[in-house]
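Just so you know, the protein sequences line up as chains U and B, in that order.
Sequential numbering of the first sequence, starting at 1, is according to our numbering.
Sequential numbering of the second sequence, starting at 121, is according to our numbering.
Working notes, beginning with the structure itself.
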Amino acid sequence: MPERVLCNDGLSVTVGGAGSRTLIEVKGVVTARFWCDTTVLEETLEGMPVQLSSFEGFCFIECDKGQIRLEFQTRGSGKHMCRFPCAEFADALKMVRETDLLDGDFLLTSEMAVENPANR
Amino acid sequence: MPLRIHEPVMVMLVEDTADDEAIALRALRQTGLPLLVRIARDGQQAVQMLELEKPPEEQERALPKLILCDLKLPKLNGHEVLKRIKSNPRTANVPVVIFSSSDEESDVRSSYTLGANSYVRKPVAFEDYLEKVKNIATYWLDTDRGEAQTPFCEFGSKSLQPQSAGG
């Protein structure tokens with residue numbers, strides 16, 4: 001699965017995935033992973049923010065004056081924030097869009113399981 | 121073993137006031153559920169997210185399980201958004217909770233006439249507002265509670281053991 005590191009300054013933010021499915025991995029003291037429809041993340045660039053929460057914590061993504069503002073907090077820890085250019089986020093999402101599902105090593109959902117034979 | 125991540129439940133928040141948005145987001149985090157909260161800051165964005173202006177054959181996005189909608193909104197007010205949601209066969213069954221500072225009977229009556237599933241007056245006190253949103257969201261999303269009923273999304277060959285909810 002191709003990945004792109006967008007921020008590595010105290011907080012590490014990596015975007016990966018394939019086609020319509022994007023995985024955001026945020027590493028602070030603890031690592032949390034969130035999956036999201038690629039379209040939802042593309043629309044953050046049009047001014048529609050999103051909050052992703054999981055059992056590990058939450059991640060809020062908003063486009064603000066040409067910068068992505070990402071807030072991240074894991075359960076029991078303080079809130080962290082990082083910024084990176086919207087253009088870089090857009091490029092990462094484009095990379096995800098252009099990745100064929102079959103090119104990823106694994107990408108499974110409850111309804112669908114696609115496996116790369118190379119990993120068997 | 122593949123990486124397993126709980127597939128989040130989608131909630132849509134339609135709110136133009138920054139403070140109220142922050143309270144609602146905090147309350148939704150406190151439910152302990154894996155959620156994907158999409159935020160529309162005016163009525164037009166809400167209509168766009170739900171693809172209500174597209175012909176039926178082009179409406180293909182996943183729908184939220186719950187819509188929390190403020191009544192006083194720029195561009196299109198909450199009643200207009202509600203009317204469009206409830207008059208579209210695709211979105212008519214999505215629960216819509218109207219939040220408003222207004223306790224005028226006409227606003228309450230109009231909301232229910234247009235098909236709102238709940239009408240909630242925004243409490244003035246921060247903690248009360250937080251609790252109210254949390255209770256409402258937990259109530260409407262309750263059927264998605266629990267690991268057995270929450271679908272998974274799996275990525276890559278790494279493994280992730282979900283921690284218990286709460287905190």
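Backbone N, C-alpha and C define an ideal beta-carbon position, used for all residues, glycine too.
Report the residue from the options whose alpha carbon sits nearest the alpha carbon of residue i.
i	options	result
U/H122	U/G16, U/T31, U/V5, U/T22	No information on residue 122 of chain U is available, as it lies outside the stretch 1 to 120 that chain U covers here.
U/F72	U/T39, U/K27, U/C86	U/K27
B/D140	B/T258, B/V157, B/F219, B/D223	B/F219
B/R149	U/T99, U/R75, U/D100	U/R75
B/A166	B/V134, B/Y259, B/K242, B/P154	B/V134
B/D136	B/K185, B/S238, B/S221, B/E127	B/S221
B/S240	B/K252, B/E171, B/G163	It should be pointed out that residue 240 of chain B corresponds to Val in this sequence rather than to Ser. Among B/K252, B/E171, B/G163, the Cα nearest to that of B/V240 is on B/K252.
B/M130	B/M169, B/A138, B/G163, B/F246	B/M169
B/S207	B/L261, B/G235, B/G152	B/G235
U/C86	U/E42, U/V50, U/G17	U/E42
U/F55	B/L250, B/D162, B/T151	B/T151
Using a Cβ-Cβ distance under 8 Å, would residue i count as near chain U?
i	result
B/V157	yes
B/P176	no
B/R181	yes
B/L145	yes
B/Q165	yes
B/A138	no
B/P209	no
Can the beta-carbon of residue i be found closer than 8 Å to that of residue j?
i	j	result
B/A160	U/D37	no
B/G198	B/L191	yes
B/P243	U/S53	no
B/Q179	B/E171	yes
Can you find a CB in chain B that lies within less than 8 Å of the CB of residue i?
i	result
U/L52	yes
U/V40	yes
U/C36	yes
U/F55	yes
U/M48	yes
Provide the residue(s) that pair with residue i in DSSP beta bridges, ordered along the chain.
i	result
B/V216	B/I187
U/T14	U/V5, U/E25
U/T31	U/K27
U/E62	U/R69
Name the chain A residues whose beta carbon is nearer than 7 Å to that of residue i?
i	result
U/F58	This model lacks chain A altogether; the protein chains it does include are U and B.
Roughly how many whole angstroms lie between the Cα atoms of residue i and residue j?
i	j	result
U/T39	U/F89	13 Å
U/W35	U/R21	7 Å
B/T233	U/V29	50 Å
B/V216	B/K174	20 Å
U/D100	B/Y259	39 Å
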